[in-house]
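Working notes, beginning with the structure itself.
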Amino acid sequence: MRRICFTLQVRPERLEEYRQRHAHVWPDMLAALRDTGWHDYSLFLREDGLLVGYLLTDDFDAALAAMDATDVNARWQAQMAEFFDSGRPDQHMRVLTEVFNLADQLGDV
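According to the numbering used here, the sequence shown is numbered sequentially starting from 1.
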């Protein structure tokens, strides 16, 4: 599986509401993420709005495309777009290049 890390920027004045929305994500959205290949998916939010996402997936492009094909994702992204200056967050993820992984270097993979 490939490790993916990405960043987005949440509007600082909307941080608390963003946290609240993610405290209880819709069950059908959770199922869609799982079923389309998003594994060990986490979001981390800094106080200035920097959002860092992490997940494992076999094929990130395929996982994105599969989510994009679901109705629940279209509804979720439409609601989440208001938290970002860039619009729909799923279309503006800045994927980071992994430069170090402890398990890889120790040969534990």
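Even glycine gets a Cβ: it sits at the ideal position worked out from N, Cα and C.
Report the option in the options whose CA atom is closest to the CA atom of residue i.
{"i": "Trp-76", "options": "Arg-94, Trp-26, Phe-60, His-92", "result": "Trp-26"}
{"i": "Asn-73", "options": "Phe-60, Asp-90, Ala-23", "result": "Asp-90"}
{"i": "Arg-19", "options": "Arg-34, Ala-32, Ser-42", "result": "Ser-42"}
{"i": "Arg-28", "options": "Asp-108, Val-95, Asp-71, Gln-79", "result": "Reading off the sequence shown, one finds Asp at residue 28, where the question assumed Arg. The option with the nearest alpha carbon to Asp-28 is Asp-71."}
{"i": "Asp-35", "options": "Asp-58, Leu-45, Glu-47", "result": "Asp-58"}
Does the beta-carbon distance from residue i to residue j come in below 8 Å?
{"i": "Gly-53", "j": "Met-1", "result": "no"}
{"i": "Phe-84", "j": "Arg-11", "result": "yes"}
{"i": "Gly-87", "j": "Ala-63", "result": "no"}
{"i": "Leu-50", "j": "Thr-7", "result": "yes"}
{"i": "Ala-32", "j": "Met-67", "result": "yes"}
{"i": "Glu-98", "j": "Arg-3", "result": "yes"}
{"i": "Leu-96", "j": "Cys-5", "result": "yes"}
Output the boundary residues of the beta strand (DSSP E) element that contains residue i.
{"i": "Phe-44", "result": "39-45"}
Grouping DSSP H, G and I as helix and E and B as strand, with all else coil, what is residue i?
{"i": "Arg-19", "result": "helix"}
{"i": "Arg-11", "result": "coil"}
Quick one: give me the first and last residue of the alpha helix (DSSP H) that residue i is part of.
{"i": "Met-29", "result": "27-35"}
{"i": "Asp-108", "result": "Counting along the chain, Asp-108 falls outside any alpha helix (DSSP H), and DSSP gives it neither H nor E."}
Completely contained alpha helix (DSSP H) runs for the segment 40-96, where each covers 4 or more residues: 60-68, 71-80
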